[in-house]
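One line per chain: the protein sequences are Z and X, in this order.
To convert, take the position in the first sequence, counting from 1, and add 1; that gives the working numbering.
To convert, take the position in the second sequence, counting from 1, and add 1; that gives the working numbering.
Protein chains: 2
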Amino acid sequence: MHQTTMKRIAGELGVSITTVSKVLNNHADISDATRSRVLAKVEELGYQRNAVARSLTLRRTHTLGIVIPDLMHSFFVEIIAGIEPVASVRGYGLLLCSSSEDAGKERAELEMLRGRQVDGVVLASANASGNTDVLLQLTRQGTTLVMIDRDDHPSVKCHRVLTDDERVGVLATSHLADAGRRAIAHIGGPPIVHAKRREKGWRDALKARGIKPPDEWIVRGGFMESDGYRAMKRLLTVRPKVDAVFCANDPAAIGAMKAIWEAGLRVPDDVAVVGVGDIALGDLLRVPLTTVGWSRRDQGKHAAELLLNGLEGEGDPPQRVIIPPRLIVRESSGPHR
Amino acid sequence: MHQTTMKRIAGELGVSITTVSKVLNNHADISDATRSRVLAKVEELGYQRNAVARSLTLRRTHTLGIVIPDLMHSFFVEIIAGIEPVASVRGYGLLLCSSSEDAGKERAELEMLRGRQVDGVVLASANASGNTDVLLQLTRQGTTLVMIDRDDHPSVKCHRVLTDDERVGVLATSHLADAGRRAIAHIGGPPIVHAKRREKGWRDALKARGIKPPDEWIVRGGFMESDGYRAMKRLLTVRPKVDAVFCANDPAAIGAMKAIWEAGLRVPDDVAVVGVGDIALGDLLRVPLTTVGWSRRDQGKHAAELLLNGLEGEGDPPQRVIIPPRLIVRESSGPHR
DNA sequence: TGGCTTGACTTTACCGGTAAAGCATAGTAT
DNA sequence: ATACTATGCTTTACCGGTAAAGTCAAGCCA
């Protein structure tokens with residue numbers, strides 16, 4: 002129950018606490034004799050430096066805060082799996098927070114991390130819309146911040162690890178066009194930059210092929226399955242018929258497929274579907290989903306490296322790292338008819 | 002870049018630091034006037050108590066260490082998902098460590114947690130065989146410990162959250178017997194209590210049906226897919242033929258199925274297979290796997306509650322919480338022939 | 001021989017809080 | 001008028017470390 006401290010070691014050895022501290026910090030001005038006596042005692046008592054006390058004086062906790070919206074989503078866990086080894090070898094601990102997709106809880110978690118004096122925070126794609134002020138407070142306090150998959154909060158100067166959303170749209174749309182589809186609709190996301198860029202990619206890919214999408218080919222909504230379902234219902238009434246749809250994310254794509262099946266049509270025979278995100282289980286659906294994904298693990302790895310480089314060396318100016326997206330072809334975008 | 006401290010607040014208000022501290026800790030001996038002046042200043046400056054400094058004096062970090070063998074295994078994440086909400090509402094942070102199934106790294110992580118003065122540690126089913134000494138050091142230091150899915154290290158006095166391994170064996174075996182199987186073999190795990198208990202359940206269930214398993218019906222090995230594969234190869238040579246196999250865990254069961262297919266036989270037509278653990282994707286296999294599982298989330302929840310109750314109130318004596326296992330029937334144990 | 005280094009520590013101050021004890025002032029009891 | 005008791009603060013010590021400055025004896029140079 003009683004902690005071993007430097008005081009105890011110093012006492013038993015008849016030296017000062019500072020001497021013990023110096024040995025453990027490899028200072029040069031300690032004789033070999035004393036050094037080994039101290040080291041032996043440390044070994045004997047199984048002494049471990051008290052990280053809390055060190056943090057207080059050094060003003061470094063060697064801890065990173067990780068804020069994710071949901072633990073049960075495989076891609077956030079993959080992000081953490083990308084962060085963990087990098088942090089671990091450099092001696093940093095990870096303080097894990099789940100915001101449960103709730104801006105209020107996210108705010109509370111960020112405040113908590115501020116109080117705990119974490120050296121850095123990785124904020125993974127949460128809906129932090131209201132929490133700009135807390136983020137600013139954090140950075141002002143000297144905490145390095147990295148945002149993953151978010152490109153808003155322009156006032157917050159921090160590193161960002163993103164994918165190339167326009168390219169996401171181009172990849173998906175070109176793939177559908179190459180597969181012989183002509184009427185390629187788009188189920189857009191909510192009004193956030195990422196969704197808008199995916200839409201732009203869709204437009205660009207069509208334009209490159211001389212296709213000018215009529216207004217009815219696009220329905221904007223949200224990122225949920227139900228949004229995709231509703232949007233597809235609308236798209237199915239368009240004449241001439243749409244024969245493919247690029248959805249802003251995977252849940253929306255799943256909703257779209259449901260609407261297609263409900264209308265008695267087949268995927269991909271009547272309508273091809275492509276999503277974005279490569280969520281787990283996407284290949285286990287009734288019709289495995291073609292999607293555009295990117296390595297979450299790389300995102301985590303880059304985020305951790307940006308953070309730690311900033312902490313250890315001189316802080317680079319805020320950087321944007323782009324993780325390239327890639328097309329994952331499954332059955333939902335198979336050949337026409 | 003500059004931290005706001007109580008000193009600053011006290012200075013601006015012309016009161017002592019202790020007064021500020023007392024306000025924030027709701028001490029009674031502060032006048033309403035002073036109290037609100039302090040509170041107003043706290044609000045104005047966006048002040049947050051420095052948790053590091055508090056931890057040092059209070060000798061409480063309000064942090065739990067979580068050690069899991071692998072982040073990418075869904076059940077460890079589920080355990081964390083069970084812990085997180087409990088810890089979060091009580092104001093505890095989670096320090097996440099992954100041992101990557103490596104006893105050396107696990108040891109290092111535990112040492113790290115000791116240095117960081119975490120109030121409690123949840124140790125999820127890692128192969129900590131060699132690390133008893135660190136665990137003892139931790140508990141001696143006053144850290145509460147909860148082990149999940151491990152019932153060894155008897156010298157370490159701590160709470161344990163387990164499942165009923167004998168019942169696991171009984172459930173699996175009875176299910177196979179009820180499905181009309183007569184020659185129910187067992188692929189046992191490594192020589193650890195959990196595997197032994199599952200084996201005992203298998204024996205008991207057979208005995209209850211008047212079946213006396215010959216020695217060739219059991220092959221013991223490890224928990225890996227390759228172990229299951231090798232074991233099944235052996236079992237397929239047994240005469241009279243075995244028509245079902247209960248495997249000590251899911252990976253072994255998957256290995257067993259591979260061996261069965263390789264021999265030109267079918268699952269479940271020729272040999273029925275049941276595993277243990279309900280790993281993710283178990284239902285996405287070529288033949289979805291019947292298995293015995295239990296709620297990892299409940300395990301996490303119970304672990305967190307045991308820990309925090311011990312920390313907040315008076316420490317209960319080490320407890321054993323048993324999470325009931327349940328059978329999950331899929332196709333690999335379907336009807337004979 | 002006195003002054004100057006150098007090596008090997010020790011002393012002191014501080015990190016940002018909290019708890020216990022101390023200390024005026026005013027009000028109450030006697 | 002004297003002693004007692006709240007009330008509302010402040011002073012002091014401490015948590016377990018680290019860094020900067022100080023000490024002190026031995027060795028060196030001129």
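Where is the CB? At the ideal position from N, CA and C, for every residue including glycine.
Unbroken beta strand (DSSP E) run spanning residue i, endpoints
i	result
I323 (chain X)	R321 to I324
R221 (chain X)	I219 to R221
V274 (chain X)	A273 to V277
A11 (chain X)	Unbroken run through A11 (chain X) is the alpha helix (DSSP H), M7 to L14; no beta strand (DSSP E).
V293 (chain Z)	T291 to G294
H187 (chain X)	I185 to G189
S99 (chain Z)	G94 to S99
For residue i, the three-state DSSP class (helix, strand or coil)
i	result
F247 (chain Z)	strand
G330 (chain Z)	The question names Gly, yet the displayed sequence has Val at residue 330 (chain Z). V330 (chain Z): coil per DSSP, three-state reduction.
L236 (chain Z)	helix
I212 (chain Z)	coil
R117 (chain X)	coil
T145 (chain X)	strand
V1 (chain X)	Absent from the structure is residue 1 (chain X), since the part of chain X shown begins at 2 and ends at 338.
A125 (chain Z)	strand
I280 (chain X)	coil
V157 (chain X)	coil
A264 (chain X)	coil
V256 (chain Z)	It is Gly, not Val, that sits at residue 256 (chain Z) in the sequence shown. G256 (chain Z): helix per DSSP, three-state reduction.
V162 (chain Z)	strand
D228 (chain Z)	helix
D152 (chain X)	coil
V87 (chain Z)	helix
L286 (chain Z)	coil
Q138 (chain X)	helix
K242 (chain Z)	coil
R108 (chain Z)	helix
G335 (chain X)	coil
Check whether residue i and residue j have beta carbons under 7 Å apart
i	j	result
K42 (chain Z)	L25 (chain Z)	no
G83 (chain Z)	R327 (chain Z)	no
P319 (chain Z)	H160 (chain Z)	yes
V347 (chain Z)	V78 (chain X)	Nothing in the structure corresponds to residue 347 (chain Z), since chain Z is present only between 2 and 338.
G202 (chain Z)	G170 (chain Z)	yes
G121 (chain X)	T140 (chain X)	no
L59 (chain X)	L95 (chain X)	no
V274 (chain Z)	A184 (chain Z)	no
I329 (chain Z)	G294 (chain Z)	yes
A186 (chain Z)	L236 (chain Z)	yes
I149 (chain Z)	S126 (chain Z)	yes
L72 (chain X)	S99 (chain X)	yes
A253 (chain Z)	G229 (chain Z)	yes
D152 (chain Z)	L136 (chain Z)	no
G301 (chain X)	I80 (chain X)	yes
A260 (chain X)	L177 (chain X)	no
H74 (chain Z)	Y93 (chain Z)	no
L290 (chain Z)	R331 (chain Z)	yes
M233 (chain X)	A257 (chain X)	yes
L46 (chain Z)	T20 (chain Z)	no
V268 (chain X)	S333 (chain X)	yes
A305 (chain X)	V87 (chain X)	yes
F224 (chain X)	A173 (chain X)	no
Q118 (chain X)	G116 (chain Z)	no
G131 (chain X)	A104 (chain X)	yes
Where the alpha helix (DSSP H) through residue i begins and ends
i	result
H176 (chain Z)	D166 to D179
H303 (chain X)	R297 to E313
H195 (chain Z)	V194 to A209
T19 (chain Z)	I18 to L25
Contact between the region 253-267 of chain X and the region 203-220 of chain X: three or more CB pairs below 8 Å? no
At 4 residues or longer, and completely inside the region 27-79 of chain X: list those alpha helix (DSSP H) runs for me, N to C. 33-46 and 52-59
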